[in-house]
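In the working numbering, the protein residues as written are 804 to 892. Here the structure is laid out as structure tokens; the discussion comes afterwards.
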């Protein structure tokens, strides 16, 4: 393992947690994960996986220059846009 200075290690940790916090913010705000009341065995984990896939699909769609929540709402209202997100047309 490479030797890191304290400054380099701190920068790496901040970068890692910045990515983690960004993902959790998107899950909480964009997908309202904290409001989910699913309690059945394994169902919460399955829905978390579905939410991660949805976020990845929405982020990779670049024709609509808005955030995940706005893209999600547009996909709910517009079938053609939903197909674009799902099938990367």
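Yeah, the Cβ is synthetic: ideal placement off N, Cα and C, and Gly gets one too.
How many whole angstroms separate the CB atoms of residue i and residue j, which I take to be in contact at a CB cut-off of 8 Å?
i           : j           : result
residue 918 : residue 888 : Within the shown structure, residues of the chain are numbered from 804 to 892, placing residue 918 beyond reach of any answer.
Check this for me: beta carbons of residue i and residue j, under 9 Å apart or not?
i           : j           : result
residue 858 : residue 849 : no
residue 854 : residue 885 : no
residue 863 : residue 891 : yes
residue 847 : residue 856 : no
residue 836 : residue 815 : no
Please classify residue i as buried or exposed, where buried requires at least 16 neighbouring CB atoms within 10 angstroms.
i           : result
residue 807 : exposed
residue 861 : buried
In chain order, which alpha helix (DSSP H) runs of at least 4 residues are fully inside the segment 860-885? 871-880
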